[in-house]
Structures are given as structure tokens and as C-alpha cells.
Amino acid sequence: MSKEVNSESVSLCPLNTAAAPEQELLCIFGTGDLGRSLGQRLLQCGYRVVYGSRRPHSCGPLPPGTQAVSHGAATQSANLIFVCIHRQNYDFLQTLAPQLNGKVLVDVSNNLKKNLYPEANAEYLQRLIPGAHVVKGFNTLSAWALQNGPSDSNRQVYLCGNMAEAKQAVTETATKLGFTVVDRGSLSAARELEDFPLQLFPEWRLPLRLAVGLTAAFFFYLIIRDIVYAYVVQGKDVSFRIMVSLANKVFPIVSLIMLSLCYLPGVIAAFLQLYRGTKYKRFPDWLDRWMLCRKQLGLLALAFASLHAMYTLIIPIRYYVRHRISEITISQIRENITYKFDTTMAWRTDSYYSVGILGFGLYILLGISSLPSVSNVLSWREFSFIQSKLGYLTLFFCTFHTYLYGWSMFLKPSYYKWYTPPAYMLSLVVPSVVLVLKLLLLLPCVDRTLTRIRQGWEKTDPENDSKKSLLT
Amino acid sequence: MSKEVNSESVSLCPLNTAAAPEQELLCIFGTGDLGRSLGQRLLQCGYRVVYGSRRPHSCGPLPPGTQAVSHGAATQSANLIFVCIHRQNYDFLQTLAPQLNGKVLVDVSNNLKKNLYPEANAEYLQRLIPGAHVVKGFNTLSAWALQNGPSDSNRQVYLCGNMAEAKQAVTETATKLGFTVVDRGSLSAARELEDFPLQLFPEWRLPLRLAVGLTAAFFFYLIIRDIVYAYVVQGKDVSFRIMVSLANKVFPIVSLIMLSLCYLPGVIAAFLQLYRGTKYKRFPDWLDRWMLCRKQLGLLALAFASLHAMYTLIIPIRYYVRHRISEITISQIRENITYKFDTTMAWRTDSYYSVGILGFGLYILLGISSLPSVSNVLSWREFSFIQSKLGYLTLFFCTFHTYLYGWSMFLKPSYYKWYTPPAYMLSLVVPSVVLVLKLLLLLPCVDRTLTRIRQGWEKTDPENDSKKSLLT
Amino acid sequence: MSKEVNSESVSLCPLNTAAAPEQELLCIFGTGDLGRSLGQRLLQCGYRVVYGSRRPHSCGPLPPGTQAVSHGAATQSANLIFVCIHRQNYDFLQTLAPQLNGKVLVDVSNNLKKNLYPEANAEYLQRLIPGAHVVKGFNTLSAWALQNGPSDSNRQVYLCGNMAEAKQAVTETATKLGFTVVDRGSLSAARELEDFPLQLFPEWRLPLRLAVGLTAAFFFYLIIRDIVYAYVVQGKDVSFRIMVSLANKVFPIVSLIMLSLCYLPGVIAAFLQLYRGTKYKRFPDWLDRWMLCRKQLGLLALAFASLHAMYTLIIPIRYYVRHRISEITISQIRENITYKFDTTMAWRTDSYYSVGILGFGLYILLGISSLPSVSNVLSWREFSFIQSKLGYLTLFFCTFHTYLYGWSMFLKPSYYKWYTPPAYMLSLVVPSVVLVLKLLLLLPCVDRTLTRIRQGWEKTDPENDSKKSLLT
Ligand SMILES: Cc1cc2nc3c(=O)[nH]c(=O)nc-3n(C[C@H](O)[C@H](O)[C@H](O)COP(=O)(O)OP(=O)(O)OC[C@H]3O[C@@H](n4cnc5c(N)ncnc54)[C@H](O)[C@@H]3O)c2cc1C
Ligand SMILES: Cc1cc2nc3c(=O)[nH]c(=O)nc-3n(C[C@H](O)[C@H](O)[C@H](O)COP(=O)(O)OP(=O)(O)OC[C@H]3O[C@@H](n4cnc5c(N)ncnc54)[C@H](O)[C@@H]3O)c2cc1C
Ligand SMILES: Cc1cc2nc3c(=O)[nH]c(=O)nc-3n(C[C@H](O)[C@H](O)[C@H](O)COP(=O)(O)OP(=O)(O)OC[C@H]3O[C@@H](n4cnc5c(N)ncnc54)[C@H](O)[C@@H]3O)c2cc1C
């Protein structure tokens, strides 16, 4: 079969396939795609490879320089064995248990779905062959990466296993192949490793759904209030406003609500702790889950805020805006009116912009500090200073920005088209509540109690005490 | 006591509290908040826990499934002991020295202030019980993280200790609890680890103070020159300009000054080395400290530059600006004037914007390259190419941008209100000096000498030589 | 000689130079700059240091507290020896082979150019003294960092070597000096480590050249079409447009082309795999190289897109634009015309901006996900979801943005000045081709075959089969 192999491919390993004396022999069980890909890569990095196969004579094309023999034969020559077989076929390995005694077995398998089996593949393998040292690893890589070496998404190889020496041996091989190894502890972490490649942003789902839901709802609300209203009541077609004007109302609203939803659970948690008088009772499930997706809520809020910033900045180059402005100027001249400069208006709008920009600056700071490499170099005190203290400041600035935008609008009935309040008012409800509750928590007496509770103090009411003496 | 415990909380560890045979028993000294929090977490991750207490029968509620016994009894059953006691109470541990021989003691303690004690808590513990293997660790985590497992700010656990095996054992436990371990070497690093949780941006203090000081000073200067002057001399109230116009003068000024302060120490250092003829004499203290906060100076300068960018981009949507523009247009018509298009003006302003944008782009590149994860993948040559070469280019662009802004303003007496120069001129002093000095350093003859000095060459003037022969 | 030494410099190591009993003695071969710098740092961190020199009595000033003796004498007292000698002088070390037996030799050397010698310095050293344990390391640091401890660019020390214990010993020392150690495997990685400090963005060269080339070409094209044409045909000097207007045409064009060049190789690769019916044949060299610089292509494209965004946002504050707008308004009044509001125009321009902003948002998301610390926490599935799926979406948005910009311009002969098409049309060619090809690949039948091929399936045409049976 005329088959070229990727032998000169991009590889940092020396190609001393022939000369070097200390070439190690590795064994691969399974001649499928994974086995072949891995074998090629090992060859490129100067290893010798032998395949173990159930049908050594009819197992299809293998990388040149390798051969397939029976599992038993393959086992004898190597100490490190990559198991590139599907889990369904593991059971036959049991028959090889004696030969596999003391060998290092690398389980690279993945499943098609989560929770398909009661135990992790690697743990199952270990149970089948208790005498072998099973190491879970490489499964977070794609077959493509196994064949071609690391690229951006997969420079890291996660390993776990119960025996340090076995992991060390696999680590050596992985580093030779160009990967960076992260040790994840004992084999009980295998389940986690096997779930890793299957996940697609699990912790982003809820926040994303919320964002999409809010966006859709407010778009709908604004289309009714702005577009349909103008069409029905004033007979004007302003549908073109959907693209920028409406979007630039929806984005800041969603951003502000999501930002406040990011700080609401913390406040609720604090009140719950105050009420219960202890921090050792666990939070209700919904609160727990909510608190765990605050980072994602916050980052999505930042994304919406950035869109708001961009949409705001292009306002003056829009055709519609330019047309309006020249229209106003022209009508001023034709009708010989002069609008007097209104200092209050100047103060208000300038403050409005200024507060918005400062809030956005802090927003971005929060975003930067949540980059893994940045949060890793921060101490816990520093991180929570930024996320909690500056986070509340951000929320305050953004809420204030929105109040300044509204100004006295809420007093004018003309803004309540069809008896509905302007959308910006709706967006102010949650942030205002959060800020007021937070203020309450900052009252010295409340703050003192809360601090004590968080340091482990517990309110022991007499009832409890008597119960305790009865029970213990 | 009716007490629920966070037993189903968010944990990736299997909850095989009952079945698994190989459950390890760990011991915790101390039943305070830290001890209880840590104990809960260990239980959740499948360990068995026993508490050592001075008053085992009256030590308050413990996580269910654990019990408190005397320190001696607790010690016997476990090899790994977490010491969750305050340092003040360490001394009594001395009495346990024989039982603790060969055990691994994890010191998780922190102090309330830096330099409270002459030696690190962990070193003190090691001195008290020389036969034990003390490992410092987990102290960079909050009690909250110890109880609930890692979150963003504290995925990493720092360890240090003198014995590799002891560290290995603690590492295993930490990875099981979900943390990533960073080994910081021998126990002499304990002090550093104990100081870590206490710090709140120590290296940012000086640059921040400088930034605040400069901002306040220039705000004051501009309020006098712009607002007060207009009020006193022209009788106009332009106080609204504070919010945006003034801010947008102060921010670029502070940014430019801080950027130049970031490159000034390098130039001073170079001249000092040239003058001394050696690189082996240490710099004066102030220069050392200055050089160590250049990163922070630079990043703050970038923050101010970004604010400047935002404030500039909102200019055309400001009420004041729109009003002015329409006023000008209207007056042109009413008075029937036509302003001719001025090509020089167009060239100048466009260049001004263009140079500013390119400078800002480079600025951001500097910022990106100082993210830890980015600077880690750069070689030293690459990093200093960006920070030094492109950094000077940034400084040049930003300075040039300011000169273009000023243009011929410095020639017109009307700009020197109350005999004070416009603020932008003040901001040009330091950058111009830095650039000129840098140009001098780039002269071939100077550059050659400097390079030789930095490669270790030393000027040996005759006087020195004679001294040397006398002394050695 | 009156020589102060940097002894109080910025160091986190305790300065227990005198008291501590367990001070380790290290040996340094070579008293040049590197040796002296390293020695100083070691002293500061509490080690004792002895120098090995060929002329121990005339080797110039050494850090106080150290002394130079003969190589042989120096060797006896220490187990860890830093070899700070140039490779050219290694050969004399052979004479010391017996004394160096079992010692750890740290090779810190670098070469002036790549591929100067057939084998890595460290491998050469190992060959000269087979009985020693050579560890390559510290060479990625500058002498400056060796003397002063880690700073931002060089917190990480890369090590490689064949013996784990030797590496462990060097690791201990490096962590004591304040560095973080990354183990790069066996000594065969030494070459890579020695090349690392020499490189200056090697993988950025090609994309950078491409970007510069495209920018220059389009600038030239547009100067002809816009500036020269206006001058020759209309007799107007609009040269000032170079600074902003032209730049803001060139940048988006280059960005779009580079973005599409980032996705073109993937499409070509897919068609090649379809045509060949296998994924095991390696790609032609040019394609391989192209695919390896896609990240850089993409990031440069993002940089150009950001410049485009900034240049667009400053449009309304430009003198030229303000002048034009007021001119138009004035002429409307003087000539008493009223431009009617054109809803189609409003829809089109607003869509144009909106699509552009969304595309830019995705662009930035791609950029963020390619930060090392972010891509490290993503699973391979997540990373390729962002880079591939959202990447194509970005390309689609940006292309659509450009089509909306062009609108019906391509129908109007007046836009074909001197029979050349507007530049934006040229920029649409590659992206359109890429998108069409990608659409073809998404057809169910094609997609199915491709997926099978990528899972390892191979088309076995009869010819091949017969060949195979003949050959094997
Ligand atoms: C742009 C952006 C980025 C963000 N990135 C992140 C991120 O990377 N990571 C992240 O986690 N969040 C992130 N967030 C969300 C948010 O900023 C943080 O969750 C923030 O810490 C919430 O502050 P808090 O004071 O409400 O909550 P917390 O500080 O978590 O406190 C709230 C509650 O938690 C409990 N608690 C916390 N600490 C203790 C303790 N020591 N002892 C006892 N109980 C305690 C208490 O019940 C308390 O009431 C981000 C937000 C934004 C807008
Ligand atoms: C946005 C932004 C981000 C920044 N981020 C960072 C950052 O992450 N990290 C950081 O350090 N700085 C950062 N800076 C600050 C600044 O860019 C750097 O400090 C830059 O390296 C200074 O360049 P330099 O040429 O003046 O100094 P250097 O390259 O440090 O040289 C100046 C002096 O240092 C000494 N020196 C340096 N190298 C040697 C050597 N090999 N041998 C002998 N002596 C030597 C010499 O005395 C020399 O005169 C940042 C700046 C900005 C604006
Ligand atoms: C701002 C920005 C940042 C970027 N950052 C990065 C970055 O950090 N890292 C990066 O790599 N790219 C980056 N890129 C470039 C680009 O987004 C990616 O390369 C992207 O993955 C290309 O997608 P694709 O679908 O064309 O290619 P791929 O997903 O690589 O697929 C293309 C071809 O590769 C081969 N292939 C890939 N996977 C397999 C497989 N599993 N089995 C068999 N064959 C396979 C096939 O031949 C396939 O036809 C960036 C781009 C931009 C605009």
C-alpha cells in the first residue's frame, strides 16, 4: 500500500530513529485510529513501538517500522503499555492479568456520554488487572493532537494514578512528546478526567440562557413600545431603529441586570447567615448554584457592557443621527429660534458620561482580574478586594449612570407610552434593591455580627442548647 | 444540636464515605473555625478525620462522623496532622514531641500582622518539634475556601518544607481536595508564605499614590486656569466642564508623565553605570525601588490612557459639543461667513489622531505582554524587545501626539492665562528629557561602552588599581 | 579595590550568611560575568560559593566571601557545579572527568547563533564527562536575572537532564533563588532550550511580513486611486486624507484578508483529505507551515481590526468631517434644499454598523481565548468550538459587514476610477471563496465522509488494495 507517513512533520523531538542506543520500546494495545495516531507520534519522538492486537495479521496499515503481534507477546517486551481499546472490549484483558502484573497501563479512553458507566474506565481497568499500575491520561487530547503533537488548546496532559513511579514514567514520555503534565492525584480523579473532554461550557449554560432570555424579552418590550407604538399612534415607520437604537437600549439593560444578579446572591447569603446565626448550615440548592455561576454572569454582563460602549460610540456617525442634527440646525435657522445653552443639562449629561466611563473602566478591571493567570498571582485578600469591593463600586457607578440617564423622565407621563414604564426603569429595580440591602449589611452593628458569624461564631439560642444537652 | 452540615456541597470528590476500604485517617489539632472548616472538607473528599483537643469533651460542635480525643491519642492514629492552632498556643505541643516524631505536621497558621515574630510560625514549630516533618501550607487560602474547595482566587496551594516525602504526602491530600500545588522549596520560604495572605497590593501603593497625587494636582491647576479664570475674567460659568473636558485634559497628562517615569529610571541607571564604569556597584535605594515599580507605573499609565481614549470618543455626543457646533454653523449663516477649508489644519489634526491611536495600540500591546501567562511564554529577548524597544516607541508616539496637539499654541500669549503655561506643556517636560537622554545613550560610542559594562567589563582607573594592590 | 556588592539587593531569601549551620557549598566553574553574577545571587540566598578557575590567583574581583581555587580543588568540596564557561573551552574539562564522576553539572551556556554546533552544548558536555549528571538549565535567563533574581520576563527556569535526582537538586537551588522550575524532560531537549533565548518571535515573522506587505500594497493602491486621481482629474489636493481616511480603508481590508487567510488552510486541508481519502498522508510543506501560523495571522488580523475600530470612532471629531458636515448643512439652507430621510439608507448603515460591532465582539472573544491561561482551562472541544465555529461566524460577520458597506457601489461605474475596482472589492475575494468552500464542506454528504476520514477511516480503492497485497 502506497502510504506516506507524517514522518517529517512538525516535531521538536530529534529523529534519532536509528543511531541512539537507549531507544525505549513502548507497547500499544489496539490498532484503531487512536493507536495508529499515537504510534506515529511516538516513532517521531524516537521511541520504538510494538502493537498488541487480537488479529495481528489483519489489522490494517500500521506506521512503518512497527509491527503487530499478539497481546501476550507485545506485553513481554515493554513496561509501558498504552491501552487504545474501547471500554466495551476491556474484559478480555483480564486473561492477560498475569503478564500485565507490575506493568504500567495508560488508559487513554473516553466515553461518548457522561455517566454511561458506574465507574470510570480507568478504575474499571484497574479492577480487572489489580496487579498493574493503571495511569489515566492523554484522554483530554484529540487524536489529532496525539498524532501531531501539542498545539494551543492542548499543551497540557492531565494524569492520575495511584502509583507515583508509574505516573513518573508516563510523565517522562509525555514531556518527550512535547506536552506539559499536570498531575491530578490518585485514580479516583479518573472520572473527572474522562468527563473533561465531553464538556462544552457547562457552567456557562445558565448565565447564557438568562442573557438570551433577558435580551429577547427586552427586545420584544422595546419593539412594542418604540416601533409599534410609533407606527400605530404616530403613523411613522421607525423600524430601522431596531439595528442600533434598540440594541443600544437592550444591551445596557441586560448588562446592568446581570451585574446586579451577580451581587444579589452574596447579599442573600449574608442575610441567611444572619438569620440562621451560623455559617455551618448549608445554603439552599438554588442559592449554591447561583453563587457558582457568578463569574460567568459577571463576564457576560461585561460583554454586554462592551457592546453598549461600542454602540454608543458610533452614534455620531450614524446616518440617522447626522440627518436629525442637521435637520434641527436647519429648522433653528428657518424658524429663527435660538436654543439657549442649558448649564444643568450640560452638567447632567457630562456627569452621566463620566460616571458611565468610570464604571466601565472598573468593569474591565474586574474582567482582567478574572483571567486565570491574573487571579493566580493575587492573594485571596487582593482578589476579593477587587471582586467584592470594586465590584460593588462598579455596580454603584453603573446604577448611578442609569439614574442620571433617566433623570426626571420618570415624572413625565409622556414617557409612559401605553401605560408601560420606559425599559431603563425596569432595569433599575434589581440593582437598587441589591445596593440598599448591601448598605444595610454595612451598618456597623450588622457588619459586626456578620463578621463574627463568618469567623465561626454561632448563635446558640437556649432552645438549641437544651436540645444539645439532651442529644449529646 | 440540630445542625446540618454542608455535606452535599459542590465537590468533585466522590462521597464514598462508607464503602471504600482505603480511607485514610487524618488528624486535626484544634477545633476552632479553621479546624472545623478543614475537617468538613476532608470528610467530603472521603477522608476520616479525628480531632486532637485539649478539652475533647467540651470543644463545641464538630462535623458529624468525627470525634475529638486528646492530642496524644489523636496523634497515634494518623501520620498527617494539620495544626490549626494559633501560634501563641504552639508551646504546649513541645510536650507531645516524642509522639510527633516522624509525623508530618502541616502548619496552616497565619499572623494578624507582618513581622510580629522573629521567625516564621512554621520554623518555630519545627524548632519546637525537631523530629517532626513540618510542612507550611494552605495558609494562603481563606477558611471559606478550605471548607468549600477551590474557587477562582485560590486554586493554588503553596507548600514549603524541608522533606520531600512529607511534601509529597501533603500534595496528595491537597490535590484530592481539588487544589493545585506549587512547591516553594524548603521551610525557609515559610515567612514569605505567611506574609502572602496579608498583603494588599504592596507594590501598587507608590504608583497609585503618585497617580492620585498627579491627578489631584493637575485637576486643581486646571480648575484655576479654566474654570476660575473664565468666571473671574470673562464672568462665565463653565463649571460643567469639570466632568468631561477637564478630566480629558488631566488623564492624558497623568498618563504621559507616568509613562515617562516608567522609562526614566532605566536611563538614570544607564548613566550611573557609565559614570561608575561598572555594573557591580549597587544602585542607590531610591533608584532600586523606582525600578521595581515600573510595571505598576506602566499599567496605571495605560489605565489613564484608556480613560483618555474613552473620554475623547464620547466628545461628539456631548450636549455641550453639539450645541457649540450648531451654534457655529448658525452664526456662519446669519453672519454670512464661510470658513475656508484649511489643509494644514486637516493634516495636523489627522496626524495628531493617527499618532495617538498608534501609540495607544502599542500601549495596549505592552499591557497584554505583561499578563503573567503571556510573559511566561516569551523568551527574555522577546519580552525585553516589547517592553524596552516598543516601550520607547510608545513613549515617542505619545509625546509626539502631545506636541502635535500643542502645535503652535506655545507661541500665543493668550494661552498663558494668568502667566501660567497650559497644562499639556507641563506634561511634556519629563518625556522630552527621557527621550533626549535615551537618544544620547543610543550614540554608537556611548552604546558600545554601556554594552561592554553590562557584559561585566569594568573601568579600572589607576587609582583603584593601586588601592587594590595595597588591599589584597 | 573599593567594590561594593549588591548585597542588600531585592531578595526574598534570608541573609543568614553567617549563623545557619546547614549552608550548602556550591561550586562555579568560570569567573566571567555569568559566574560572578550567579555567585552573587547564590551568596545572597545563603549558599557558600567556591570558584574553580584556571588561574585562581589572577581572575579579577570576585564577590566577597568567595574564593577561587583550582578546578580540581573546587570540585572536591561541592556536589553541584555550575559550568559558566564558553563551549569552546569545554574540552579541558575532560581532564577532570574522574573528579567529576557522580557530580551534578549545570550547563548554563548559550550560543551566539542557532545550529552553530552539531550537538547541544549540554549533550557535548555529557559526552565529555559521561560519569557526571549533566543538567541543562538557567540559560533562558539573562545574566541580569541571574544576578538580581526573577522579574516578570523570567520567573520560569527550564531544566532538562537524564537523571531525576540531579534535576531535583538543581530544582531545589532554583526555587531557593526564587525561580519557578519547569522540567522539560531528558537531556535531548537541551538543543531546544539553547535555542530558546536566541529566538525573536520566529513564528510571527511570516504573518508580520504578510501584514506589512498587504498594508503597503493597499496603501499604494489607494494613494493612486484616491489622492493622485483627485489631484490629476479633479485638481484637488486631498493628501491630508492619508493619515486617517486612507489608513481606515487599509486596516479593515488587511484585517479581513488576514482573517480569511486564517481559515483558508483548514478548508484546503479538508478538500485534500477528501480527495486523498485518508488523513494519514502528510500535507504539503507549504500547507503545514501555513496552518502553523494561523494563530499569529489571526491575532494580527485582530490588531488591524482594532485599529479600524479606533479610526472609525474618531471620525466625527475630525476637523475635515466637521467642516464637511457644516458645509453641507449651510449649503442646504442657502440653496433651500431639504434632503428627505431615506429609511433604506438608515436600515443599511445601521445594519452595517451593527454587524461590524458584533463581528468585532466575536473577534475579541477569539483573541481572549487564545491567551495561554485561558486556552489552558478550556477543553479541546471548547477551544475548537470557539476557534472554529465562532471563528467562521466572525469571518461571516466581517465579510457581511463589508458587503453592506459596498452595497450597490459595485454597480456604479463612477466608482471604478481609472478602471480599477474600489479596494474593498478586492478584499472580498478571499473571504467569499473561503465561505463558499466552507459551505460546501457543510453539505451533509461531504461532512459525513470528512468526519469518517478524520476518525481514521481510509478510502481503499481497488488499485491500492492490489498494490498492498503485492507489497506486504
Ligand atoms: C467582569 C466580572 C468578572 C468577574 N469574575 C469573577 C471571577 O473570576 N470569579 C468569581 O468568583 N467571581 C467573579 N465575578 C463575580 C463577582 O464579582 C464575585 O463573585 C464577587 O466576589 C462577589 O462579591 P460578594 O461580596 O457579593 O460575594 P462573596 O465575597 O462571595 O461573599 C458573599 C457570600 O459568600 C460567603 N462567603 C464568602 N466569603 C466568606 C468567608 N470568608 N467566610 C464565610 N462566608 C463567606 C458568605 O456567605 C457571603 O455572604 C465577576 C464579576 C464581574 C462583573
Ligand atoms: C503598559 C505597560 C506595561 C508594562 N509592563 C511591565 C511588566 O510587565 N514588567 C516590567 O518589568 N515592566 C513593565 N513595564 C515597564 C517598562 O516597560 C519596562 O520596565 C521596560 O523594560 C523598561 O525598559 P528600559 O529599557 O528602560 O529598562 P531595562 O531594560 O530594565 O534597562 C534599564 C536598566 O536596567 C539595567 N539592566 C537591564 N538589563 C540589564 C542587563 N542585561 N545587564 C545589565 N544591566 C541591565 C541597566 O541598569 C539598565 O540601564 C510596563 C510598561 C507599560 C507602559
Ligand atoms: C483573534 C484570533 C485568535 C486566534 N488564536 C488562535 C490560537 O490561539 N490558536 C490557534 O490554533 N489558532 C488561533 N486562531 C486561528 C484559527 O481560529 C484557528 O486555527 C481555527 O482553529 C481554525 O479553524 P479551522 O476549522 O479552519 O481549522 P481546524 O479545526 O484546525 O481544522 C482544519 C484542518 O485541520 C485538520 N484537523 C483539525 N482537527 C482534526 C482532527 N481532529 N482530526 C483530523 N484532522 C483534523 C484537518 O485537516 C482540518 O481540515 C486565531 C484566530 C483569530 C482570528
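Protein chains in written order, with the numbering used here: chain A, 212 to 683; chain B, 212 to 683; chain C, 212 to 683. Positions of the beta carbon are idealized from the N, C-alpha and C atoms, including for glycine.
Taken in chain order, the complete alpha helix (DSSP H) segments of 4 residues or longer contained in the stretch 500–573 of chain B are 505–524, 530–545.
Of all residues in the stretch 588–599 of chain C, the ones placed with a Cβ closer than 8 Å to any Cβ belonging to chain A are 588, 589, 590, 591, 592, 593, 594, 595, 596, 598, in chain order. DSSP lists C:262 as the beta-bridge partner residues of residue 279 of chain C. If one requires a minimum length of 4 residues, the alpha helix (DSSP H) runs lying completely within the stretch 345–421 of chain A are 354–359, 375–387, 401–406, in chain order. The CB of residue 318 of chain C never comes closer than 9 Å to any CB in chain B; the least such distance is about 18 Å. Comparing C-alpha distances from residue 538 of chain B to each of A:535, A:544, A:604, A:485 shows the shortest one belongs to A:544. In the DSSP assignment, no residue is bridged to residue 444 of chain A. Counting the other CB atoms within 10 Å of its CB gives residue 561 of chain C a total of 16 or more, which places it among the buried residues. Assignment of residue 494 of chain B by DSSP, reduced to helix, strand and coil, places it in the coil class. Residue contact with chain A for residue 300 of chain B: absent (no Cβ-Cβ distance below 8 Å to any residue of chain A). With contacts defined by Cβ atoms closer than 8 Å, residue 245 of chain C and residue 334 of chain C do not form a contacting pair. One Cα belongs to residue 476 of chain A, the other to residue 269 of chain B, and the distance between them is close to 35 Å.
In terms of Cβ geometry, residue 614 of chain A and residue 639 of chain A form a close pair [threshold 8 Å]. Contact between residue 277 of chain A and residue 260 of chain A holds: their C-beta atoms lie close to 5 Å from each other, under 8 Å. DSSP, read as helix, strand or coil, puts residue 273 of chain B in coil.
Membership of residue 479 of chain B in the alpha helix (DSSP H) is indicated by the continuous run 458–487. Assigned with DSSP and collapsed to three states, residue 647 of chain B falls in helix.
As for any beta strand (DSSP E) of minimum length 3 sitting wholly inside the stretch 299–337 of chain A, the runs are 315–318, ordered along the chain. Residue range 291–294 is occupied by the beta strand (DSSP E) that includes residue 291 of chain A.
Comparing alpha carbon positions, the residue from C:565, C:594, C:247 closest to residue 492 of chain B is C:247.
Judged by DSSP in its simplified three-state form, residue 238 of chain A adopts strand. For residue 509 of chain A, there are no neighbours in chain C by C-beta distance under 7 Å, as the nearest C-beta there is about 14 Å away. Within the same chain, and ignoring the five residues on either side of residue 504 of chain B in sequence, the residues whose Cβ sits closer than 7 Å to its Cβ are 414, 417, 418. Along the stretch 532–564 of chain A, going in chain order, the ones with a CB nearer than 9 Å to a CB of chain C are 533, 534, 535, 536, 537, 538, 540, 541, 544, 545. For residue 377 of chain A, the CB contacts under 6 Å within the same chain, skipping 5 residues up- and downstream, are 315, 344, 346 in chain order. Using a CB distance cut-off of 8 Å, residue 435 of chain A does not count as an interface residue toward chain B. Rounded to the nearest whole angstrom, the CA to CA distance from residue 555 of chain C to residue 456 of chain C is 25 Å. When Cβ pairs closer than 8 Å are counted between the two stretches, the stretch 482–491 of chain B is seen not to touch the stretch 512–528 of chain A, the count staying below three.
In chain order, 573, 576, 577 place their CB closer than 7 Å to the CB of residue 601 of chain C, counting only its own chain and leaving out the 5 sequence neighbours on each side. Exposed is the label assigned to residue 630 of chain B, since fewer than 16 other Cβ atoms lie within 10 Å of its Cβ. Listed in chain order, the alpha helix (DSSP H) runs fully inside the stretch 574–645 of chain B are 583–588, 591–595, 602–617, counting runs of at least 4 residues. DSSP places residue 667 of chain B outside both helix and strand once states are collapsed to three, so it counts as coil.
Residue contact check for residue 394 of chain B against chain A: no CB pair falls below 8 Å. Relative to residue 254 of chain B, the option among B:444, B:243, B:275, B:472 whose CA is nearest is B:275. Taking CB atoms only, residue 378 of chain A has no neighbour in chain C less than 8 Å away. In the structure shown, residue 428 of chain A adopts helical secondary structure according to DSSP, grouped into three states.
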